[in-house]
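Each remark here refers to the structure printed beneath this line.
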Amino acid sequence: MLRIRRFEESAARAYTRGKISGFLHLYIGQEAIAVATKQAIAAHDRVVSAYRTHGFALALGSDIKACAAELFGKAAGLVGGMGGSMHFFDKAHQLWGGYAIVGNHIPVATGHAFASKYTGDGAVTLVFMGDGAVGIGPVHEGMTLAGVWKLPIVFVVENNQYSMGTPLKRSVPVEDITARAAGYGFHSDRFHVTSVHETRARIAAAVDRARADNQPSLLELITYRFRGHSMSDPAKYRQKEEVDTWRLQDPLERTLLALQQLHGLDEATLEQHDAKIIAEVDAAYEFAEATPQPPPEARFENILVGE
1166 MLRIRRFEES
1176 AARAYTRGKI
1186 SGFLHLYIGQ
1196 EAIAVATKQA
1206 IAAHDRVVSA
1216 YRTHGFALAL
1226 GSDIKACAAE
1236 LFGKAAGLVG
1246 GMGGSMHFFD
1256 KAHQLWGGYA
1266 IVGNHIPVAT
1276 GHAFASKYTG
1286 DGAVTLVFMG
1296 DGAVGIGPVH
1306 EGMTLAGVWK
1316 LPIVFVVENN
1326 QYSMGTPLKR
1336 SVPVEDITAR
1346 AAGYGFHSDR
1356 FHVTSVHETR
1366 ARIAAAVDRA
1376 RADNQPSLLE
1386 LITYRFRGHS
1396 MSDPAKYRQK
1406 EEVDTWRLQD
1416 PLERTLLALQ
1426 QLHGLDEATL
1436 EQHDAKIIAE
1446 VDAAYEFAEA
1456 TPQPPPEARF
1466 ENILVGE
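First residue of the sequence shown: 1166, per my numbering; consecutive thereafter.
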């Protein structure tokens, strides 16, 4: 979790220096979900996410230098510098995107789950979306098909309280998103993410149901992002007191505190660990800055042309 946070903090600094183009959506505050997911799944399970995806890449094992290079649009990036922040993709580590169009990745993930059931490969697909995606048409279509076909898939809503700048209570008539699960024939679970251990256990339970019984689930993980929707968002729609209240529930800070109080790790040891992570992250961003941009002809690679 600390590694993801330091990576994201460095990304924010690089963005303000003009090193990262386009949009940049940070995962600060939600790191426990990505880490718990990695611990809850098997090596061949697939993860499909929306555009706030750096944390999943790092948790799943993507090379940190390749992640930084992708942010910088460099040839050594995860997808050759062509995707940027919102289009991370790493098939070798079962990260199947990184999609920028809100809600439209849900049918793609449903297709992955259908492929698993059709071929019998035993894989479960986990697909993540923000609370702002639940009203999008393709989300309903994908969930409907998953329910009808009984697919091995887990739909996870990372409810970080705001669809861009709109609070959930202003965008949905019933704030409990899992109330929709019954209409699709899904199992459901809803909880606040304050512990990485609890999050791992509850995601794992949904994965096990999907794998054993082809039982889809809809999970709502109530979390919080401590930065704006993107780097261009000053987040003036919320009060400082609200952010401070959520910081008391920050899973990363709670874990650091538990390591000291319950497991006896002294502050000096934790600082050494943090320093090691910072050095790794700094090296990744130095690599990203030094490595070359893709050549102009790279624009024409990986394009499907039909005759």
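The beta carbon of each residue, even a glycine, is placed where N, CA and C say it ideally should be.
The structure presented is a predicted model; accordingly, all values stated were derived computationally and were not measured.
{"Item": "Taking only runs of the alpha helix (DSSP H) that begin and end inside the region 1372-1446, which ones reach a length of at least 4 residues, in chain order?", "Value": "1405-1412, 1416-1426"}
{"Item": "Within the continuous beta strand (DSSP E) that includes Thr1456, where are the two ends?", "Value": "Thr1456 -> no beta strand (DSSP E), and no H or E assigned at all."}
{"Item": "Pull up the DSSP beta-bridge partners for Thr1290, would you.", "Value": "Arg1211, Ile1318"}
{"Item": "Below 7 Å, is the gap between the Cβ of Phe1237 and the nearest heavy atom of the ligand SAM?", "Value": "As for the ligand SAM, it is missing from this structure, which has no ligand bound."}
{"Item": "Excluding the 5 residues preceding and the 5 following Val1358 in the sequence, name in chain order all residues of the same chain whose CB lies nearer than 7 Å to its CB.", "Value": "Ala1197, Ile1198, Thr1364, Leu1386, Ile1387, Thr1388, Pro1416"}
{"Item": "For Phe1320 and Leu1260, which I take to be in contact (beta-carbon distance under 8 Å), what is that distance rounded to the nearest angstrom?", "Value": "Not quite, the Cβ-Cβ distance comes to about 17 Å (not below 8 Å), so this is no contact."}
{"Item": "How should Met1308 be labelled, buried or exposed, when 16 other C-beta atoms within 10 angstroms of its C-beta is the threshold for buried?", "Value": "buried"}
{"Item": "Check whether the Cβ atoms of Ser1250 and Phe1293 lie closer than 8 Å to each other.", "Value": "no"}
{"Item": "Could you work out which residue in Ala1423, Ile1301, Tyr1264 is closest to Ser1360 when comparing CA atoms only?", "Value": "Ala1423"}
{"Item": "How far does the beta strand (DSSP E) with His1352 in it reach, from first residue to last?", "Value": "1352-1357"}
{"Item": "Starting from the C-beta of Tyr1402, find all residues in its chain whose C-beta is less than 6 Å away, skip the five residues before and the five after it, and write them out in chain order.", "Value": "Gly1330"}
{"Item": "Helix or strand or just coil, what does DSSP make of Thr1218?", "Value": "coil"}
{"Item": "Contact check, His1252 vs Gly1262 under 8 Å by CB: the rounded distance?", "Value": "7 Å"}
{"Item": "Relative to the alpha-carbon of Ala1455, which residue among Ser1227, Glu1406, Lys1239, Ala1222 has its alpha-carbon at the smallest distance?", "Value": "Lys1239"}
{"Item": "Anyone know if the C-beta pair for Phe1356 and Gly1194 falls short of 8 Å?", "Value": "no"}
{"Item": "On the DSSP bridge assignment, give the partners of Thr1331 in chain order.", "Value": "Ser1328"}
{"Item": "Leaving out five residues before and five after Arg1374 in sequence, what residues of the same chain have Cβ atoms less than 7 Å from its Cβ?", "Value": "His1352, Gln1380, Ser1382"}
{"Item": "Among His1219, Ala1278, Leu1243, Thr1284, which has the Cα closest to the Cα of Pro1459?", "Value": "Leu1243"}
{"Item": "Could you tell me whether the Cβ atoms of Val1200 and Ala1177 are closer together than 8 Å?", "Value": "no"}
{"Item": "In the DSSP assignment, find the alpha helix (DSSP H) that holds Leu1236 and state where it starts and stops.", "Value": "1229-1236"}
{"Item": "By how many angstroms is the C-alpha of Thr1275 removed from the C-alpha of His1305?", "Value": "11 Å"}
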